[in-house]
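Here is the structure we will look at, set down as structure tokens.
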Amino acid sequence: MVALHAEEALVDVGLLAAGVTWDKAPCRFCGTGCHVQVGVKDGKVVASAGDQKAD
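According to the numbering used here, the stretch in the sequence shown is residues -11 to 43, in order.
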């Protein structure tokens, strides 16, 4: 996974204040491999968002 800056991730600032870090990950819905953003805290995914830069 690749760490993203808040302005790149377009994430809720409240989640950043809560100690959530945002990483890029592949979506596994259809197998195409598009990227999504996942919010991780204490080693667990706690949020997800679409990747604004995904193809």
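Cβ coordinates follow ideal geometry from the N, Cα and C atoms, glycine included.
Original post:
So D11 is in the beta strand (DSSP E); what residue range does that whole segment cover?
Top reply: As a working mapping, residue 11 is identified with position 23 in the sequence shown. It spans 9 to 14 - the beta strand (DSSP E) in which D11 sits, taken as one unbroken run.
Original post:
If you draw a straight line from the alpha carbon of C18 to that of G7, how long is it in whole angstroms?
Top reply: In the sequence shown, counting from the first residue as 1, residue 18 sits at position 30. In the sequence shown, counting from the first residue as 1, residue 7 sits at position 19. The C-alpha of G7 is placed about 30 Å away from the C-alpha of C18.
Original post:
Alpha carbon to alpha carbon, how far is A13 from V34?
Top reply: Working through the sequence shown from its first residue, we reach residue 13 at position 25. Working through the sequence shown from its first residue, we reach residue 34 at position 46. The straight-line gap from Cα to Cα measures roughly 14 Å.
Original post:
Roughly how many angstroms separate the alpha carbons of K29 and T9, rounded to a whole number?
Top reply: In the sequence shown, residue 29 corresponds to position 41, counting from 1. In the sequence shown, residue 9 corresponds to position 21, counting from 1. A direct Cα-Cα distance of roughly 7 Å separates K29 from T9.
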